[in-house]
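Anchor point for the sequence shown: position 83 equals 105 in this note's numbering, and the numbering is continuous, going up by one each time.
Comments concern the structure below.
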Amino acid sequence: MDGAADRQQASNGQRAAGGALGPRGKGLFGRLLKGLRTPQAPREEATSIAIASGKGGTGKSFLATSLAVALHRSERRTVLVDCDFGLACDHLLLGVKPTVTLQQLLAGQCTLEQVLVKSPCGPRLLPGASGVRRMATPTDKDLTTFARELGVLAGNEDTLLLDLGAGIAPATVLTMLSADWVVLVTQPEIAALVDAYAVIKCVAQLKSDAKFLIVVNRVGTPGRGEMAFQRLAEVATQNVGVELRYLGEVPDDDSVMQHRLGQLPLIATEPESPTSQAVQGLAERLIQICGGLRQRTVKGDEGIQARFRQHRLFL
Ligand SMILES: Nc1ncnc2c1ncn2[C@@H]1O[C@H](COP(=O)(O)OP(=O)(O)O)[C@@H](O)[C@H]1O
Ligand SMILES: [Mg+2]
Numbered sequence: 023m024d025g026a027a028d029r030q031q032a033s034n035g036q037r038a039a040g041g042a043l044g045p046r047g048k049g050l051f052g053r054l055l056k057g058l059r060t061p062q063a064p065r066e067e068a069t070s071i072a073i074a075s076g077k078g079g080t081g082k083s084f085l086a087t088s089l090a091v092a093l094h095r096s097e098r099r100t101v102l103v104d105c106d107f108g109l110a111c112d113h114l115l116l117g118v119k120p121t122v123t124l125q126q127l128l129a130g131q132c133t134l135e136q137v138l139v140k141s142p143c144g145p146r147l148l149p150g151a152s153g154v155r156r157m158a159t160p161t162d163k164d165l166t167t168f169a170r171e172l173g174v175l176a177g178n179e180d181t182l183l184l185d186l187g188a189g190i191a192p193a194t195v196l197t198m199l200s201a202d203w204v205v206l207v208t209q210p211e212i213a214a215l216v217d218a219y220a221v222i223k224c225v226a227q228l229k230s231d232a233k234f235l236i237v238v239n240r241v242g243t244p245g246r247g248e249m250a251f252q253r254l255a256e257v258a259t260q261n262v263g264v265e266l267r268y269l270g271e272v273p274d275d276d277s278v279m280q281h282r283l284g285q286l287p288l289i290a291t292e293p294e295s296p297t298s299q300a301v302q303g304l305a306e307r308l309i310q311i312c313g314g315l316r317q318r319t320v321k322g323d324e325g326i327q328a329r330f331r332q333h334r335l336f337l
């Protein structure tokens with residue numbers, strides 16, 4: 023997807039998202055709903071992290087699969103959920119061959135336990151469907167089921183990594199709104215930065231306290247990632263009043279590309295390489311910034327399933 027297409031989609035998305043109520047109406051309606059809901063018991067739940075980008079091909083799946091391996095090695099119970107609806111590929115990057123995917127789970131044809139697959143490097147994967155047009159635009163019922171399954175999954179894990187498709191399709195924005203954190207993956211070039219800003223703007227209009235962590239991938243010269251981040255952070259603070267945090271940069275490295283199907287991620291095959299060390303550093307900062315990435319207590323109506331349900335009303 024190119025920048026112009028993303029930008030067009032961004033403005034469409036904002037129109038749809040602003041919807042009938044707009045952000046102010048959303049606040050009022052949200053408070054009203056909260057008042058009507060009966061309080062539910064607190065529960066233990068995983069921290070959820072959406073891995074997103076504006077432009078396609080910035081390295082989300084590379085990063086999501088690598089972080090899943092790194093977090094598993096840091097003894098966090100980790101599940102990677104491939105939320106690139108219709109164009110999933112995390113199973114290839116983790117060297118697994120799933121027999122059922124999110125498609126069968128949402129259709130009620132298999133259980134969560136049947137669809138979760140343990141990868142050779144350790145973390146478990148909830149694989150997505152690839153080349154299935156119906157999955158590219160999940161229905162309302164699909165999203166309700168997806169939210170329920172995410173809720174069940176969150177109850178059993180420390181960390182959920184949600185690898186998203188690029189851009190601001192409604193299901194993608196909904197997942198970003200419902201996650202605890204959004205790791206936005208960009209590159210040190212103008213089209214990727216402009217599209218990253220479009221995502222920030224779109225999400226922040228619907229959730230003013232959204233928490234963004236920025237990764238600059240494919241950096242040619244060390245330090246360029248932080249320079250790119252500073253520019254993005256300045257624009258985001260000035261125009262949408264959102265504070266971004268810098269997670270770090272990853273070098274541009276040919277060895278990231280997996281040449282054979284079933285090949286394992288670089289972080290597993292060459293853990294000492296500068297790129298693997300950079301990803302390891304990102305995982306450590308993620309643990310630090312996101313409160314340890316262990317299960318924590320949430321109020322019953324503030325878990326991921328409840329947030330999904332709440333935000334779905336406004337998309
Ligand atoms: N740091 C990097 N250095 C070199 N190539 C990279 C790097 N990160 C990702 N790539 C390559 O870029 C392409 C897109 O990466 P991918 O993770 O599939 O992006 P996305 O999930 O955002 O679409 C892949 O061919 C991948 O191998
Ligand atoms: Mg991807």
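Beta carbons are placed, not taken as given, at the ideal position from N, Cα and C, and that holds for glycine.
Which stretch, first to last residue, makes up the alpha helix (DSSP H) that contains Glu271?
Unbroken run through Glu271 is the beta strand (DSSP E), Leu266 to Pro273; no alpha helix (DSSP H).
Measuring CA to CA, which of Phe107, Leu269 and Gln136 is closest to Gly245?
Here the closest residue by C-alpha is Leu269.
Give the straight-line distance between the Cα atoms of Arg282 and Ala74, rounded to the nearest whole angstrom.
The alpha-carbon atoms of Arg282 and Ala74 are separated by roughly 26 Å.
Name the DSSP beta bridge partners of Lys140, please?
Per DSSP, Arg146.
Going by the CB atoms, is the gap between Pro273 and Val241 shorter than 7 Å?
It is a contact, given that the beta carbons lie within the stated cut-off.
Using DSSP with H/G/I as helix, E/B as strand and the rest coil, what is Leu215?
Helix.
In three-state DSSP terms, what is Glu66?
In the structure shown, Glu66 sits in a strand (DSSP, three-state: E or B).
Here's the rule: buried if 16 or more other CB atoms are within 10 angstroms of the residue's CB, otherwise exposed. What is Leu127?
Buried.
Does at least one heavy atom of ligand 1 sit under 6 Å from the Cβ of Gly189?
No, the Cβ of Gly189 stays beyond 6 Å of every heavy atom of ligand 1.
Comparing alpha-carbon positions, which option in Arg329, Leu335 and Glu211 lies nearest Glu67?
Checking every option, the nearest Cα to that of Glu67 belongs to Arg329.
So, helix, strand or coil for Phe156, using DSSP?
A small correction: the amino acid at residue 156 is Arg; Phe does not occupy that position in the sequence shown. Residue state, collapsed to three classes: helix.
What is the DSSP secondary structure of Thr161, counted as helix, strand or coil?
In the structure shown, Thr161 sits in coil (DSSP, three-state: anything other than H, G, I, E or B).
In whole angstroms, give me the CA-to-CA distance for Cys266 and Lys233.
In the sequence on display, residue 266 carries Leu and not Cys. Each residue's alpha carbon lies about 7 Å from the other.
For Gly108, I'd like the list of residues in its chain whose CB is within less than 6 Å of its CB, leaving aside the five on either flank, ordered along the chain.
Around Gly108: Val154, Met157 and Ala158.
For the stretch 195 to 252, list the alpha helix (DSSP H) runs that are entirely contained and at least 4 residues long, ordered along the chain.
Correct list: 212 to 228.
Quick one: what does DSSP say Ile311 is sitting in, helix, strand or coil?
Reduced to three states, the DSSP call for Ile311 is helix.
Alpha carbon to alpha carbon, what distance is there between Asn261 and Thr208?
When rounded, the distance between both Cα atoms is 19 Å.
Which residues mark the beginning and the end of the beta strand (DSSP E) in which Asp104 is found?
Residues Thr100 to Cys105.
Are Leu286 and Ser298 close, meaning C-beta to C-beta below 7 Å?
Cβ atoms of Leu286 and Ser298: not closer than 7 Å.
If contact is defined by three or more beta carbon pairs under 8 Å, each pair taking one atom from either stretch, is the stretch 118 to 133 in contact with the stretch 82 to 91?
No, the stretch 82 to 91 does not touch the stretch 118 to 133.
Once the 5 residues before and after His333 are set aside, which same chain residues still bring their CB inside 8 Å of it?
The residues are Leu196, Leu199, Ser200, Leu228 and Lys229.
Please classify Ala42 as buried or exposed, where buried requires at least 16 other C-beta atoms within 10 Å of its C-beta.
Model confidence at Ala42 stands at a pLDDT of 46, short of 50, so the residue's coordinates are unreliable and nothing is read from them.
Spatial neighbours of Ser152 within its chain, please: CB distance less than 7 Å, with the 5 preceding and 5 following residues excluded, ordered by chain position.
The answer, listed in chain order, is Leu109, Ala110 and Cys111.
Whole angstroms is fine: what's the gap from Val101's alpha carbon to Lys140's?
Roughly 9 Å between the two C-alpha positions.
Going by C-alpha distance, which of Ala305, Arg65 and Leu304 is nearest Asn178?
Asn178 has its Cα closest to that of Arg65, out of Ala305, Arg65 and Leu304.
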